[in-house]
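S.K.:
Protein chains: 2
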Amino acid sequence: MDPAARPRARRRVRAVGVQPVARAAGARAGAVPVTDLLSPSVDEELRAFFADARTRAGEYGQHYAALWESLEQQSSGGKRIRPKLVYAAYQGLGGDDRHVATRVAIAFELLHTAFLIHDDVIDRDTVRRGAPNIAARFAGRARAHGADDRACEVWGETAAVLAGDLALSRAHREIATLPVDPDRRAALLDILDRAVFVSAAGELADVVHAGSHHPPEVARVVATLEQKTAVYSFECPLTAGAVLAGAGDGAIGALARYGRLVGVAFQITDDILGVFGDPAITGKSAASDLREGKQTALTAHAATTDAWPAIASRLGDPDLDDEGADVMRQALRACGALEAARRLADEYVTLARYELDAEDLPAALRAELGDLAQRAAERAR
Amino acid sequence: MDPAARPRARRRVRAVGVQPVARAAGARAGAVPVTDLLSPSVDEELRAFFADARTRAGEYGQHYAALWESLEQQSSGGKRIRPKLVYAAYQGLGGDDRHVATRVAIAFELLHTAFLIHDDVIDRDTVRRGAPNIAARFAGRARAHGADDRACEVWGETAAVLAGDLALSRAHREIATLPVDPDRRAALLDILDRAVFVSAAGELADVVHAGSHHPPEVARVVATLEQKTAVYSFECPLTAGAVLAGAGDGAIGALARYGRLVGVAFQITDDILGVFGDPAITGKSAASDLREGKQTALTAHAATTDAWPAIASRLGDPDLDDEGADVMRQALRACGALEAARRLADEYVTLARYELDAEDLPAALRAELGDLAQRAAERAR
Numbered sequence: 000m001d002p003a004a005r006p007r008a009r010r011r012v013r014a015v016g017v018q019p020v021a022r023a024a025g026a027r028a029g030a031v032p033v034t035d036l037l038s039p040s041v042d043e044e045l046r047a048f049f050a051d052a053r054t055r056a057g058e059y060g061q062h063y064a065a066l067w068e069s070l071e072q073q074s075s076g077g078k079r080i081r082p083k084l085v086y087a088a089y090q091g092l093g094g095d096d097r098h099v100a101t102r103v104a105i106a107f108e109l110l111h112t113a114f115l116i117h118d119d120v121i122d123r124d125t126v127r128r129g130a131p132n133i134a135a136r137f138a139g140r141a142r143a144h145g146a147d148d149r150a151c152e153v154w155g156e157t158a159a160v161l162a163g164d165l166a167l168s169r170a171h172r173e174i175a176t177l178p179v180d181p182d183r184r185a186a187l188l189d190i191l192d193r194a195v196f197v198s199a200a201g202e203l204a205d206v207v208h209a210g211s212h213h214p215p216e217v218a219r220v221v222a223t224l225e226q227k228t229a230v231y232s233f234e235c236p237l238t239a240g241a242v243l244a245g246a247g248d249g250a251i252g253a254l255a256r257y258g259r260l261v262g263v264a265f266q267i268t269d270d271i272l273g274v275f276g277d278p279a280i281t282g283k284s285a286a287s288d289l290r291e292g293k294q295t296a297l298t299a300h301a302a303t304t305d306a307w308p309a310i311a312s313r314l315g316d317p318d319l320d321d322e323g324a325d326v327m328r329q330a331l332r333a334c335g336a337l338e339a340a341r342r343l344a345d346e347y348v349t350l351a352r353y354e355l356d357a358e359d360l361p362a363a364l365r366a367e368l369g370d371l372a373q374r375a376a377e378r379a380r
Numbered sequence: 000m001d002p003a004a005r006p007r008a009r010r011r012v013r014a015v016g017v018q019p020v021a022r023a024a025g026a027r028a029g030a031v032p033v034t035d036l037l038s039p040s041v042d043e044e045l046r047a048f049f050a051d052a053r054t055r056a057g058e059y060g061q062h063y064a065a066l067w068e069s070l071e072q073q074s075s076g077g078k079r080i081r082p083k084l085v086y087a088a089y090q091g092l093g094g095d096d097r098h099v100a101t102r103v104a105i106a107f108e109l110l111h112t113a114f115l116i117h118d119d120v121i122d123r124d125t126v127r128r129g130a131p132n133i134a135a136r137f138a139g140r141a142r143a144h145g146a147d148d149r150a151c152e153v154w155g156e157t158a159a160v161l162a163g164d165l166a167l168s169r170a171h172r173e174i175a176t177l178p179v180d181p182d183r184r185a186a187l188l189d190i191l192d193r194a195v196f197v198s199a200a201g202e203l204a205d206v207v208h209a210g211s212h213h214p215p216e217v218a219r220v221v222a223t224l225e226q227k228t229a230v231y232s233f234e235c236p237l238t239a240g241a242v243l244a245g246a247g248d249g250a251i252g253a254l255a256r257y258g259r260l261v262g263v264a265f266q267i268t269d270d271i272l273g274v275f276g277d278p279a280i281t282g283k284s285a286a287s288d289l290r291e292g293k294q295t296a297l298t299a300h301a302a303t304t305d306a307w308p309a310i311a312s313r314l315g316d317p318d319l320d321d322e323g324a325d326v327m328r329q330a331l332r333a334c335g336a337l338e339a340a341r342r343l344a345d346e347y348v349t350l351a352r353y354e355l356d357a358e359d360l361p362a363a364l365r366a367e368l369g370d371l372a373q374r375a376a377e378r379a380r
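For the record, the sequence lines run as chains A and B.
Take the first sequence: its letter number 222 is residue 221 in numbering that gives the first Met the number 0, and every next letter is one higher.
Take the second sequence: its letter number 139 is residue 138 in numbering that gives the first Met the number 0, and every next letter is one higher.
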């Protein structure tokens, strides 16, 4: 591969993003999973919740109503992975109360929203899913009210910190007020507690390692992905759905392990897309992870090769431009990091599917989650 | 008053802070309120909770354990006003289950801790109760690990955002898992929901008004104090204690109104101390509120006088030094703002005590809360 042939490399990079889309679409067209039939409930319930909150907020002035509007916007447009997992486990294990499943699904969706919003506060990001985030919206609002630069920043940060707190509080409230028997609710509260506790550990580890002078190591990168994302996004929604359905410990344990493994595969793929994906599909710049010096399976593999000194010297450079990012992509590809990261994701998919062989899981659920595991490593966004 | 006589003015300013301490101490020495006998439980339970959390956190590395340690430090050293109010209402209305009262008390204390921590994120403060806050501690930790300036800032902000989320989550969990009958727990969850919802409205209003070009107005200042502080710090702990004790709507309503009124009196006094208090007693700089341009009952009164243009020109000046702050204090005193703010606090104390005449409140509780209302406007820190 010729590092000087940037335009060609660029086209190839795009192709990486496009190809799996077609594959994923094909996989989806085969059979509509039951969960897709249920997910409109989540949107309906969230709409009703936000409509009510906006009305209540209106009593405290237009800005507070606008804050709730921004929170609603931030909570929409996602892939609803967590609600789908709650439904999949719940239905797959015999649950049939659509209302309680939707409430639990919403809890995990709002937990996710809260984490994304507070993540952006930490990173001082202004864009989420390709659009201005809450901080950016409120900074704009402040500017429209004649505020100076520092005041705009404070409005934005305040709105984001509060919106995250409100979403997090609602997530807790959804589970706390769930009309199920006390033991089941207590078990769900424990799962929510674990989701918050472990993801905070992972978020902190991520930030601590990003500033580290040591080269990244695969084991540490994977442990951080598991803590920061896999537990709250995959393990906990699945175990919550299973607990809600009254499943036994065997099924719950298998789903927990499957969730952590598939979550790691999903996140390794996410990190690959963060560097090699098509920004038009992923909705985020393909240079930002490189500029931030994010430690991923890609950089962890690169650190074991001769290409590392050259890659390390540009990784985390806030002034890295598109051409510089192209050069780094080629270096990551040439040293085998892209291939190694893909292989690692595939390995986690295999391990995850292996967990589905547990005797306690019904065949239909196995099939659906097996399919989901495959898509985790093949998706384009 | 001669504006040039700064040293004398300075001594007088200190005296403002010292005098009420003696009075408050006298009031306290008269009779030890029952709540003071109960409050050790809160410290014991919090210690046990944090010891457990630190152990769990240790599995995720030393930094996460340190985060929990910082959170514990941040949650100690306060005046425990909210737990005392929960106990006062609960015991005063016939409650006798120390365990559940402590759990509710802890929920409100941790809610308060979460709000303080996230407040500091918004204000980019580094000091709380006279000591480095979580962000400052973690920035120092990052520096000890050789991080650069921006990385130190990110470690600090990350730790503070997460610590606030963890404290907020625990507050919800304390109520969600409370071993009381479902109706009572549901009512307590509603109170917690109101505490979060209204204080977020108040926090946003505070920030929005701070950047406003309009002169502050007393009614708006009071409404913001009520939303930002009085509801979650006074109304909700009192109504929670009452609900937990199984009190009727009459008593709950009276305590809610009393709480909002006494909370406003407390906060007006807090704002007076923020400008005229002794930093050695209040634990915060007596110039910082002036530098931030905080809108208070003091500035709202000043805005109605001829002294306003001169005061407004320096208010919010980040470079205001101690001498400049002394000049402003004299101007606020000379235009009658200090006296007006004190009178306003006293009026709210009177209104609060009036609510205690409700037939539904037992005499001992009336006496205790009447005493507390008096101290709200006479305290020194």
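Every residue gets a Cβ at the ideal spot worked out from N, C-alpha and C, and that includes glycine.
Give me the Cα-Cα distance between G315(A) and R328(B), rounded to the nearest whole angstrom.
M.R.: Their backbone Cα atoms lie some 48 Å apart in a straight line.
S.K.: DSSP state of A24(A), grouped into three classes?
M.R.: Since pLDDT at A24(A) reaches only 34, below the 50 mark, its modelled position is unreliable, and the value read off the structure follows with that caveat. If DSSP states are grouped into helix, strand and coil, A24(A) belongs with the helices.
S.K.: Using the Cβ count rule (16 or more neighbours within 10 Å means buried), how would you classify Q226(A)?
M.R.: Buried, since its Cβ has 16 or more Cβ neighbours within 10 Å.
S.K.: Tell me which residues share the same chain as A241(A) and place their Cβ nearer than 7 Å to its Cβ, disregarding the 5 neighbours each side in the sequence.
M.R.: Closer than 7 Å at Cβ, skipping near neighbours: A88, L92, A250, I251 and L254.
S.K.: Identify each residue in the region 136–157 of chain B for which the Cβ-Cβ distance to at least one residue of chain A is less than 7 Å, and report them in chain order.
M.R.: Cβ contacts with chain A: A141, G145, A146, A150, V153, W154, E156 and T157.
S.K.: Checking contacts by CB at 8 Å: is I105(A) closer than that to chain D?
M.R.: Reference to chain D is not applicable here, since the protein chains of this structure are A and B.
S.K.: Kindly say whether Y231(B), judged by its beta-carbon, lies nearer than 8 Å to any beta-carbon of chain A.
M.R.: No, its Cβ sits nowhere closer than 8 Å to a Cβ of chain A.
S.K.: Consult DSSP for V85(A) and reduce its assignment to one of helix, strand or coil.
M.R.: Correct three-state label for V85(A): helix.
S.K.: Which of the three DSSP states, helix, strand or coil, is assigned to V120(A)?
M.R.: If DSSP states are grouped into helix, strand and coil, V120(A) belongs with the helices.
S.K.: Return helix, strand or coil for A411(B), following the three-state DSSP convention.
M.R.: Because chain B in this structure spans residues 0 to 380, residue 411(B) falls outside the shown range and cannot be described.
S.K.: In terms of residues, what are the limits of the alpha helix (DSSP H) holding H300(A)?
M.R.: Counting along the chain, the alpha helix (DSSP H) containing H300(A) begins and ends at A296 to A301.
S.K.: If you pair each beta-carbon of the region 123–142 of chain B with each one of the region 179–196 of chain B, do three or more pairs fall below 8 Å?
M.R.: Taking 8 Å as the limit for Cβ pairs, the verdict is that the region 179–196 of chain B does not touch the region 123–142 of chain B.
S.K.: Who are the neighbours of R55(A) on chain B, taking C-beta pairs under 8 Å?
M.R.: Residues of chain B passing the Cβ test: F196.
S.K.: Does any C-beta atom of chain A lie closer than 8 Å to the C-beta of V20(B)?
M.R.: At V20(B), the pLDDT of 31 sits below 50, so the modelled position is not reliable; the number obtained from the coordinates is stated separately. Output row for V20(B): interface = no.
S.K.: In this structure, how does DSSP classify D182(A) when only helix, strand and coil are distinguished?
M.R.: In the structure shown, D182(A) sits in a helix (DSSP, three-state: H, G or I).
S.K.: Once you ignore the five residues that flank G258(A) on each side, which residues in its own chain have a CB closer than 6 Å to its CB?
M.R.: The residues are F233, E234 and L237.
S.K.: Quick one: give me the first and last residue of the alpha helix (DSSP H) that L371(A) is part of.
M.R.: A362 to E377 is the span of the alpha helix (DSSP H), which, as asked, contains L371(A).
S.K.: Thinking C-beta only, is I271(B) closer than 8 Å to A340(B)?
M.R.: Closer than 8 Å, so yes.
S.K.: For D164(A), return the contacting residues in chain B, with the cut-off set at a CB-CB distance below 8 Å.
M.R.: In chain order: A113, H117, G163, D164, L167, V195 and A199.
S.K.: Buried or exposed: which applies to T349(A), given that a residue is buried once 16 or more other Cβ atoms fall within 10 Å of its Cβ?
M.R.: Counting Cβ neighbours within 10 Å, T349(A) comes out exposed, since fewer than 16 surround it.
S.K.: Given this structure, state the Cα-to-Cα distance separating A363(B) from I267(B), to the nearest angstrom.
M.R.: Approximately 27 Å, taken between the alpha carbons.
S.K.: T54(B): buried (16+ other C-beta within 10 angstroms of its C-beta) or exposed?
M.R.: Exposed, by the Cβ-count rule.
S.K.: Assuming V85(A) contacts F107(A) under a Cβ cut-off of 8 Å, what Cβ separation, rounded to an integer in Å, is found between them?
M.R.: With 8 Å as the limit, V85(A) and F107(A) qualify as a contact, their Cβ atoms being about 6 Å apart.
S.K.: Mind listing which residues of the region 205–229 of chain A have their C-beta closer than 7 Å to chain B's C-betas, in chain order?
M.R.: So the list reads V206, V207, G210, H212 and Q226, given in the order they occur along the chain.
S.K.: What do you get for Q61(A), buried or exposed, if any count of 16 or more other CB atoms within 10 angstroms of its CB means buried?
M.R.: When all chains shown are included, Q61(A) counts as exposed.
S.K.: According to a CB-to-CB cut-off of less than 7 Å, which residues of the region 175–192 of chain B neighbour chain A?
M.R.: Within the region 175–192 of chain B, the residues whose Cβ lies closer than 7 Å to some Cβ of chain A are A175, T176, A185, L188 and D192, listed in chain order.
S.K.: Whole angstroms is fine: what's the gap from G155(B)'s alpha carbon to A324(B)'s?
M.R.: Cα to Cα, G155(B) sits roughly 30 Å from A324(B).
S.K.: Step through the CB atoms of chain A and report whether any lies within less than 8 Å of the CB of Y89(B).
M.R.: No, because no Cβ of chain A sits closer than 8 Å to the Cβ of Y89(B).
S.K.: Which ranges does the alpha helix (DSSP H) cover as unbroken runs of at least 4 residues, wholly within the region 318–342 of chain B, from first to last along the chain?
M.R.: Here the runs fully enclosed are 321–333.
S.K.: Within 10 Å of its beta-carbon, does H98(A) have 16 or more other beta-carbons around it, so buried, or fewer, so exposed?
M.R.: So H98(A) ends up on the exposed side.
S.K.: Confirm, please, whether the CB-CB distance from L203(A) to I105(A) is below 8 Å.
M.R.: No, they are not a contact pair.
S.K.: Taking only beta-carbon atoms, is I121(A) less than 8 Å away from chain B?
M.R.: For I121(A), the answer is yes, since a Cβ of chain B falls inside 8 Å of its Cβ.
S.K.: Hey, could you find the ends of the alpha helix (DSSP H) D356(B) is sitting in?
M.R.: From DSSP, D356(B) is part of no alpha helix (DSSP H); its letter is neither H nor E.
S.K.: Can you confirm whether G60(B), when its beta carbon is compared against all beta carbons of chain A, has any partner nearer than 8 Å?
M.R.: Chain A contact via Cβ: present.
S.K.: Which of the three DSSP states is assigned to S287(B) in this structure?
M.R.: S287(B) falls in the helix class under three-state DSSP.
S.K.: Is the shortest distance between the beta-carbon of E202(A) and the beta-carbons of chain B less than 8 Å?
M.R.: Chain B, which has a Cβ nearer than 8 Å to the Cβ of E202(A), makes this yes.
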